[in-house]
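> I am attaching a structure below and will ask some questions about it afterwards.
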Amino acid sequence: MPSDGWRESTGISEDTSRVTIYCDTSDKKAWSEETQQQDYPSRSVYLYELIEDARAHRQEGFLSWQRTQERIEALEEQVDTLQSELEQEKRGNHPPSRFASATFVTPHLSYRYQSLEDIVNTVVSEESTEDLVQKPVEDTLYSLAENGTVEYRRGHGWRLSEGGDE
Numbered sequence: 000m001p002s003d004g005w006r007e008s009t010g011i012s013e014d015t016s017r018v019t020i021y022c023d024t025s026d027k028k029a030w031s032e033e034t035q036q037q038d039y040p041s042r043s044v045y046l047y048e049l050i051e052d053a054r055a056h057r058q059e060g061f062l063s064w065q066r067t068q069e070r071i072e073a074l075e076e077q078v079d080t081l082q083s084e085l086e087q088e089k090r091g092n093h094p095p096s097r098f099a100s101a102t103f104v105t106p107h108l109s110y111r112y113q114s115l116e117d118i119v120n121t122v123v124s125e126e127s128t129e130d131l132v133q134k135p136v137e138d139t140l141y142s143l144a145e146n147g148t149v150e151y152r153r154g155h156g157w158r159l160s161e162g163g164d165e
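With numbering that gives the first Met the number 0 as the guide, the letters of the sequence shown map in order to residues 0 to 165.
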C-alpha cells in the first residue's frame with residue numbers, strides 16, 4: 000500500500016486520490032508548457048480538466064457523426080436564411096424585426112403612460128427576449144471559438160484569445 004505522506008505535504012484533502020500515468024517524456028514536457036501557457040496552477044489540474052472535458056464531449060455525443068451531420072444541416076439552413084436576408088436587403092425589402100411586431104410589443108404596454116426607455120427595458124428584461132437573443136449569441140461564440148478569436152474555459156467562461164481585453 001503506497002504512503003499517503005504526499006497528501007499531508009501538499010495539503011490535499013482526504014477525498015483526493017493520486018493517479019499515476021505513464022507517457023513519453025515529450026508529452027509530459029508539452030503538457031507542462033501548456034499548463035504554464037494557459038495559467039493553470041498545476042499540470043494535475045490541467046490534465047484533470049482535459050479529461051473531464053473529453054468525457055463530457057464523449058457523453059454529449061460531440062464526437063458522433065450524427066451530431067456533426069445535424070450541425071451541418073443547421074449551418075446550411077442558417078446560410079439559406081442569411082442569403083435570403085441579403086437578397087431582401089439588396090432589393091430594399093427589410094423584413095420586420097421580431098421586436099418590432101405588435102404582438103411582441105403590446106404585452107409590455109399598460110394603460111398608464113410609459114417612456115420609450117421603460118418599455119425597452121421591460122422588453123429586454125423579459126425571459127422570452129433572452130431566449131431570442133441567447134441562441135444567436137451562443138452560436139456566434141462557438142463560431143468565434145472555431146476561428147480562434149475567443150476561447151472558453153469551463154468554470155470561467157468566454158474571453159478573447161491572446162491579446163484581448165481581460
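The C-beta atom is built at its ideal place from N, Cα and C for all residues, glycine as well.
With contact counted as at least three CB pairs below 8 Å, one residue from each stretch, are the stretch 121-140 and the stretch 102-112 in contact?
A contact exists between the stretch 121-140 and the stretch 102-112.
> Taking only the alpha-carbon atoms, compute the straight-line gap between Gly-125 and Val-104 and give it to the nearest angstrom.
In the sequence shown, the residue the question calls residue 125 occupies position 126. In the sequence shown, the residue the question calls residue 104 occupies position 105. Reading off the sequence, residue 125 comes out as Glu, not Gly. Distance between the alpha carbons of Glu-125 and Val-104: 11 Å.
> With a threshold of 6 Å on Cβ separation, who are the neighbours of Arg-153 within its own chain once the five nearest residues in sequence on each side are excluded?
If you number the sequence shown from 1, residue 153 lands on position 154. For Arg-153, where only same-chain residues beyond five positions count, there are no Cβ hits under 6 Å.
> In angstroms with no decimal places, state the Cα-to-Cα distance between Gln-37 and Asp-117.
Residue mapping note: residue 37 aligns to position 38 of the sequence shown, counting from 1. Residue mapping note: residue 117 aligns to position 118 of the sequence shown, counting from 1. Taking the straight line from one Cα to the other gives about 43 Å.
> Mapping the DSSP letters down to three states, classify Tyr-47 as helix, strand or coil.
Sequence index remark: in the sequence shown, residue 47 carries index 48 (1-based). Tyr-47: helix per DSSP, three-state reduction.
> Name the two residues that bound the continuous alpha helix (DSSP H) containing Val-149.
Residue mapping note: residue 149 aligns to position 150 of the sequence shown, counting from 1. First-last for Val-149: 149-152, but that is the beta strand (DSSP E), not the alpha helix (DSSP H).
> Mapping DSSP to helix, strand and coil, what is Leu-108?
Residue numbering aside, residue 108 sits at position 109 when the sequence shown is read from its first letter. Coil, per DSSP.
> Apart from the five residues on each side of it in sequence, which residues of its chain come closer than 7 Å, Cβ to Cβ, to Glu-32?
Stepping through the sequence shown from its first residue, residue 32 is reached at position 33. The answer is none, since no qualifying residue turns up.
> According to DSSP, simplified to helix, strand and coil, what is Val-156?
Position 157 of the sequence shown holds residue 156. The sequence as given places Gly at residue 156; Val does not occur at that position. Reduced to three states, the DSSP call for Gly-156 is strand.
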